[in-house]
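Below is one structure; the comments refer to it alone.
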DNA sequence: CCGATACTTCGCTCTGCAACGAAGTATCGC
DNA sequence: GCGATACTTCGTTGCAGAGCGAAGTATCGG
């Protein structure tokens, strides 16, 4: 029966140290066992045991590089699952209890990665811009990029045609992802990933060391203005 | 910090008795504590404790009716989360280990509900039919119903316009849901729910008592043929 | 009012597993 | 080669929480 398999996954997600590690990996980066141990406030041995379990179950994958072992989320399916758990988790917290905890938190709320796409005010602003320009139509369940949208993004070298042009007739669709800080959906899926890739490739954003938060560079600000008509983010 | 909230949800999903109950509720029905106790092979006291936790955390909701207490999945968000966990869980099982366990299993594989839409060969067949008639365009992440599709379904009294016609310009989108038995996506979201609702309202399918499996009635067979061009399901 | 059914609360036991210290293996830089 | 760093394996401890029996509360049908 696959109930055991499901329970196992829940059990893996359900231990605070492991949860913390998974959350740390939710920006799509690969981290070493020691880094993850620090995140979770446990000793390396403990972290190692947890990571072995997560890898064994297929939630993470690992690749050795010299004496380091880099761990990351094994697939976008796993990321999507974790996202949906996060969505539910945030939904359960009464709004009154949601607290902004400081400048580090503030940076996260401004701009961060969410596995393979942008989140925070940056992610939401990009999404809103795409919608108001009628480049994107959005719904609770999914979204579609319009022909105008494809053309507009292509003009800036952002390809959302779905990569390998499987079925060319098909309009690319994308997925809304609930933003836990903004409490509104931002664009994930092909479109989100394409935008993120472009911004990283062109050095329009940089990671803040040891955090999921991002800094938007000077040229990034300009690109946001040009591509999405976004001024300074609050 | 919301890591604790996430961990709590994982922990709740991660206990086999609770997992079993949640899975039993994944067909969208409301079940009593005793029924759920039987499913999970635990005593009523134990089940009661589990149900209290699940309700407290907002995964389930409960309504009293005389001396019975009916429990069900609290929202489609929760159902979606559980679905995504199931999807990952099934993905992890090596194909060699996937076993068909008997006639009860066979009934489930043929036709069942998956929270608010159809799954199994029935769900997949409906989805395939919609796609091949170009009523539906599908992708890994989402799908769109075409204008032809809306019209076709509307002709059979299946309304997929999104209910309250919020933004009329918007093409209704829907969500693919990975079918654990067929290993292919079937249509969920607005379209899936609309089809399911229609079939239940018109008595085209019936629940098999004490199971998530469905029986397709005589008139159901006819409707499948007429609406979707589906003959006898294997 | 009755006894029956549905469910919960309490108190106890017992297991599973997270955590760490100590010691082992692998790879670095030199 | 050597000592340092990154990570794992092993053995032990300690605690959280799942499970049930017993007893309590609520609602049924008569």
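Protein chains in written order, with the working numbering: chain A, 15 to 248; chain B, 15 to 248.
For every residue, glycine included, the Cβ atom is placed at its ideal position computed from N, Cα and C.
Since we're looking at a predicted model, the values are computed, not measured.
query: Could one say the Cβ of residue 75/B lies closer than 7 Å to chain A's Cβ atoms, at least one of them?; result: no
query: Grab me the residues of residue 58/B's own chain with a C-beta within less than 8 Å of its C-beta, minus the 5 sequence neighbours each way, in chain order.; result: 47, 48 and 51
query: What distance in whole Å lies between the Cβ atoms of residue 95/A and residue 102/B, which are believed to be in contact at a cut-off of 8 Å?; result: 5 Å
query: Which chain A residues are close to residue 101/B, counting only those with a beta carbon under 9 Å from its beta carbon?; result: 91, 94 and 95
query: Which whole-angstrom value describes the C-beta separation of residue 81/B and residue 227/B, a residue pair presumed to lie in contact below a C-beta threshold of 8 Å?; result: About 28 Å; that fails the 8 Å criterion.
query: Within the 7 Å Cβ cut-off, does residue 58/A reach chain B?; result: no
query: Quick check on the DSSP output: the beta strand (DSSP E) that includes residue 187/A runs from which residue to which?; result: 187-192
query: Between the C-alpha atoms of residue 203/B and residue 235/B, what's the straight-line distance to the nearest angstrom?; result: 23 Å
query: Tell me the DSSP bridge mates of residue 84/B?; result: 46/B and 77/B
query: From the beta carbon of residue 11/B, is the nearest beta carbon of chain A less than 7 Å away?; result: The shown model of chain B, from 15 to 248, leaves out residue 11/B, and the question about it has no answer.
query: Can you tell me the Cα-Cα spacing of residue 157/B and residue 60/A, whole angstroms?; result: 43 Å
query: Start and end of the beta strand (DSSP E) containing residue 204/A?; result: Unbroken run through residue 204/A is the alpha helix (DSSP H), 203-215; no beta strand (DSSP E).
query: Where does residue 70/A land, buried or exposed, given buried means 16+ other C-beta within 10 angstroms?; result: exposed
query: Excluding the 5 residues preceding and the 5 following residue 41/B in the sequence, name in chain order all residues of the same chain whose CB lies nearer than 6 Å to its CB.; result: 127 and 226
query: Alpha carbons only, please: which of 30/A, 24/A and 29/A is nearest the one belonging to residue 30/B?; result: 24/A
query: Since residue 206/A and residue 130/A are thought to touch, with beta carbons under 8 Å apart, how far apart are those beta carbons, to the nearest angstrom?; result: 7 Å
query: Closer than 7 Å, Cβ to any Cβ of chain A: which residues of the stretch 149-181 of chain B, in chain order?; result: 151, 153, 155, 156, 157 and 158
query: Nearest to residue 211/B by alpha carbon, out of 199/B, 66/B, 77/B and 132/B?; result: 132/B
query: Using a Cβ cut-off of 7 Å (strictly closer), state whether residue 189/A contacts chain B.; result: yes
query: Going by alpha carbons, who is nearest to residue 198/B out of 136/B, 223/B, 241/B and 186/B?; result: 136/B
query: With a cut-off of 7 Å, does the C-beta of residue 144/A fall near any C-beta of chain B?; result: no
query: List, in chain order, every chain B residue whose beta-carbon is nearer than 9 Å to that of residue 27/A.; result: 20, 21, 23, 24, 25, 27, 28 and 99
query: Mind checking residue 232/B: buried by the 16 CB within 10 Å criterion, or exposed?; result: exposed
query: How about residue 107/A: is its C-beta nearer than 7 Å to some C-beta of chain B?; result: yes
query: Rounded to whole angstroms, what is the Cα-Cα separation between residue 85/A and residue 66/A?; result: 10 Å
query: May I ask which residues mark the beginning and end of the alpha helix (DSSP H) holding residue 164/A?; result: 161-169
query: 7 Å is my cut-off, CB to CB: does residue 209/A come that close to chain B?; result: no
query: Mind checking which residues open and close the alpha helix (DSSP H) that includes residue 70/A?; result: 58-70
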